[in-house]
Amino acid sequence: MPQNPTEPEFDEFASDYQAALQKGLRLTGEDSAYYASGRCGWTAARVCAEAMKVERVLDFGCGTGTATRFLLGAFPGCRVVGTDPSEASLEVARRDHAGLAAEFIVPRDLPRAGAVDLAYCNGVFHHIPPAERPGAVKSVFEALRPGGWFALWENNPWNPMVWYVMSRVPFDKDAIMLWPGETEGLLTGAGFELVMTRFWFVFPGFLAALRPLEPLLSPWPLGGQYVVLARKPL
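Heads up: the sequence shown at position 37 corresponds to 36 in numbering that gives the first Met the number 0, and the numbers run straight through without jumps.
Here it is in structure tokens:
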């Protein structure tokens with residue numbers, strides 16, 4: 000994961016990350032907990048459907064640990080290893096998750112090869128310079144054990160509302176979004192086998208009654224985010 004420019008950028012927002020993010024999310028009628036819960040729950044449902052035991056989860060680009068409690072809840076008994084280049088964000092994560100089965104480290108301290116069952120990543124790669132993205136994916140590939148999973152969540156550039164929401168978030172001003180095919184290519188280029196690509200978070204809060212339709216709509220590029228689920232070959 001690159002040390003620059005993400006490190007100084009997110010050091011600046013570490014103390015008020017949630018407030019900065021909510022400047023955009025309030026337009027959807029939800030907060031970050033709604034989305035984090037949905038992402039982690041969907042990931043767990045897919046991985047656990049394969050009867051795979053998940054003991055160690057890598058949260059790649061963990062920031063202040065927004066997903067930590069949701070990952071621990073989705074995968075009971077697991078240990079979360081969060082990594083991020085922003086030392087200030089890691090300090091907040093360690094403080095806010097003291098006593099939980101989680102640790103927060105800089106990228107150079109990533110777990111040894113093959114030590115992780117599942118890697119989770121949300122909204123990170125649009126902050127990584129394009130030339131550095133293949134190396135970032137490769138580092139995740141190396142951390143996973145054979146047969147391990149990678150759930151890579153990104154914002155959906157096909158959805159016009161996403162562009163507007165991101166324009167309201169201070170730390171997204173220089174983000175370069177990834178098209179789904181681009182993300183799939185990064186994963187296969189690193190050696191992953193693609194399992195599926197799905198689109199989620201179609202309906203904002205005022206249309207919550209329609210959310211039971213989301214599984215039917217998930218193959219189509221409508222939602223605010225998409226996930227590419229991939230697996231490291233055995």
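Note that CB positions come from ideal geometry on N, CA and C, so glycine has one too.
Query: With distances taken from CA atoms, which of Met51, Ala112, Tyr225, Ala66 is nearest cysteine 39?; Result: Ala66
Query: Between the C-alpha atoms of proline 75 and tyrosine 119, what's the straight-line distance to the nearest angstrom?; Result: 15 Å
Query: Measure the C-alpha to C-alpha separation of arginine 45 and alanine 87 and round it to an integer number of angstroms.; Result: 33 Å
Query: Could you check where the beta strand (DSSP E) with valine 192 kicks off and where it finishes?; Result: According to the sequence shown, residue 192 is glutamate rather than valine. 192-199 is the span of the beta strand (DSSP E), which, as asked, contains glutamate 192.
Query: DSSP state of cysteine 120, grouped into three classes?; Result: strand
Query: Excluding the 5 residues preceding and the 5 following alanine 112 in the sequence, name in chain order all residues of the same chain whose CB lies nearer than 6 Å to its CB.; Result: Glu141
Query: Kindly identify the DSSP beta-bridge partner or partners of tryptophan 148.; Result: Leu117, Arg230
Query: Once you ignore the five residues that flank methionine 195 on each side, which residues in its own chain have a CB closer than 6 Å to its CB?; Result: Leu228
Query: In this structure, how does DSSP classify glycine 37 when only helix, strand and coil are distinguished?; Result: helix
Query: Helix, strand or coil for phenylalanine 170? Go by DSSP, reduced to three states.; Result: helix
Query: Measuring straight from C-alpha to C-alpha, what distance separates histidine 125 and methionine 176?; Result: 5 Å
Query: DSSP state of proline 4, grouped into three classes?; Result: With a pLDDT of only 40 at proline 4, under 50, the local geometry of the prediction cannot be trusted, and no value is derived from it.
Query: Look at the alpha carbon of aspartate 116 and the alpha carbon of alanine 100, and state the distance between them as a whole number of angstroms.; Result: 15 Å
Query: If you draw a straight line from the alpha carbon of leucine 26 to that of lysine 137, how long is it in whole angstroms?; Result: 35 Å
Query: Grab the span of the alpha helix (DSSP H) containing aspartate 95 for me, first residue to last.; Result: 86-95
Query: Whether or not the region 142-152 and the region 200-209 are in contact is what I'm after, with contact meaning three or more pairs of Cβ atoms, one per stretch, closer than 8 Å; do they touch?; Result: no
Query: To which residues does DSSP link phenylalanine 103 through a beta bridge?; Result: Gly81
Query: Tell me, please, which residues DSSP counts as bridged to arginine 55.; Result: Arg78
Query: Apart from the five residues just before and just after glutamate 192, which ones in its own chain have a Cβ nearer than 8 Å to its Cβ?; Result: Ala229, Arg230, Lys231, Pro232
Query: Report the option in Glu213, Trp152, Leu109 whose CA atom is closest to the CA atom of glutamate 183.; Result: Trp152
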